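Peer 1:
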Amino acid sequence: MEVKFLLDNLTKMEVDAIVNPANSEGEMGGGVAAAIKKAGGKRIEEEAMEQAPIPIGKAVLTTAGKLNCEYVIHAPTMLVPVQRTSADKVAQATRAALELAKEYELERIAFPGMGTGTGRVPVDDAAKAMVNTIKTFPGVENHFTEIFLVDLNQEMVDAWERCWEAEPEENEAEASDTEETAG
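When you line the sequence shown up against the numbering used here, it's residues 343 to 525, in that order.
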């Protein structure tokens, strides 16, 4: 399995599926979700809303409309649109997306920075949550050929790269330090 970090537009990715950091209602009104809907068409949102409510920790699959991929994986990081979220919910959404991709035998998937836009999770915290979840996902090497971490924000791309090079224990220690000082 290869992990690639790209400063690019998620909606342009030619992969099996892209991941939408959704809300449980399936509405695609802001952030990455709105960009996906604009590029791929309203049908993506309609299909997601038909499957709502989508609990945090679960994900649903829709078609991709006019996008260059086959599917969109909707993995909620928040219950309702524009709700503040957390690194823990980012990790749950990342795991849910990986589980659904594995279930459907999707080998090439692309994630944006989960929870960093409307969810307002600090970039470093989101990067640690995502990278640790990917690294520790059971059988990740066997199920995926490529995982792309794609964002238009260079800070997000840099954070993923730093976290990927760090040992998981380092990321966990730094994440818990951040959570203790954030309260």
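Cβ atoms here follow ideal geometry from the backbone N, Cα and C, with glycine treated the same way. Here the structure is a predicted model, which means the values were calculated and not measured.
How should PRO395 be labelled, buried or exposed, when 16 other C-beta atoms within 10 angstroms of its C-beta is the threshold for buried?
Peer 2: Along the sequence shown, read from residue 1 onward, the residue named residue 395 stands at position 53. Exposed, since its Cβ has fewer than 16 Cβ neighbours within 10 Å.
Peer 1: Could you name the residues of the same chain whose beta carbon sits closer than 8 Å to that of GLY481, not counting the 5 residues immediately before and after it, in chain order?
Peer 2: Mapped onto the sequence shown, residue 481 falls at position 139. Correct list, in chain order: LYS444.
Peer 1: With DSSP run on the structure shown, which of helix, strand or coil describes ARG450?
Peer 2: As a working mapping, residue 450 is identified with position 108 in the sequence shown. In the structure shown, ARG450 sits in a strand (DSSP, three-state: E or B).
Peer 1: Quick check on LYS400: buried or exposed, where buried means 16 or more other Cβ atoms within 10 Å of its Cβ?
Peer 2: Against the sequence shown, residue 400 aligns to sequence position 58. That one is buried.
Peer 1: Look at the alpha carbon of SER366 and the alpha carbon of ALA469, and state the distance between them as a whole number of angstroms.
Peer 2: Here the question's residue 366 lines up with position 24 in the sequence shown. Here the question's residue 469 lines up with position 127 in the sequence shown. Spanning the two alpha carbons is a distance of roughly 22 Å.
Peer 1: Rounding to the nearest angstrom, what Cα-Cα distance links THR458 and VAL361 in this structure?
Peer 2: Indexing the sequence shown from 1 puts residue 458 at position 116. Indexing the sequence shown from 1 puts residue 361 at position 19. Whole-angstrom Cα-Cα distance: 14 Å.
Peer 1: By a C-beta neighbour count over all protein chains shown, 10 Å radius and 16 as the cutoff for buried, is VAL374 buried or exposed?
Peer 2: Taking the first residue of the sequence shown as 1, we reach residue 374 at position 32. Counting C-beta atoms within 10 angstroms of its own C-beta, VAL374 has 16 or more neighbours from the protein chains shown and is therefore classed as buried.
Peer 1: Going residue by residue through the stretch 403 to 459, where are the continuous beta strand (DSSP E) segments of at least 3 residues, counting only ones entirely within it?
Peer 2: Taking only runs of at least 3 residues, the beta strand (DSSP E) segments lying wholly in the stretch 403 to 459 are 413 to 416 and 450 to 453.
Peer 1: Check for me: the beta strand (DSSP E) holding LYS354 runs from which residue to which?
Peer 2: On the sequence shown, position 12 is the one that residue 354 refers to. No beta strand (DSSP E) contains LYS354, which DSSP labels as neither H nor E.
Peer 1: Mapping DSSP to helix, strand and coil, what is GLU369?
Peer 2: Here residue 369 is taken as the residue at index 27 of the sequence shown, counted from 1. Three-state DSSP puts GLU369 in coil, outside helix and strand.
Peer 1: Could you tell me which residues DSSP pairs with ILE489 in its beta bridges?
Peer 2: Here residue 489 corresponds to residue number 147 of the sequence shown, with the count starting at 1. Answer by DSSP bridge pairing, in chain order: VAL345 and ILE451.
Peer 1: Can you check which of these residues, ALA439, VAL357, ASN410 and GLY383, is closest to ALA417 by C-alpha distance?
Peer 2: As a first step, residue 417 is located in the sequence shown; it is residue number 75 there, counting from the start. Out of ALA439, VAL357, ASN410 and GLY383, ALA439 has the C-alpha closest to the C-alpha of ALA417.
Peer 1: Identify, in the order they occur along the chain, each residue of the same chain with its Cβ nearer than 7 Å to the Cβ of TRP506, setting aside the five sequence neighbours on each side.
Peer 2: Within the sequence shown, the letter at position 164 stands for residue 506. Beyond the five residues adjoining it in sequence on each side, TRP506 comes within less than 7 Å, by CB distance, of VAL345 and VAL473 in the same chain, given in chain order.
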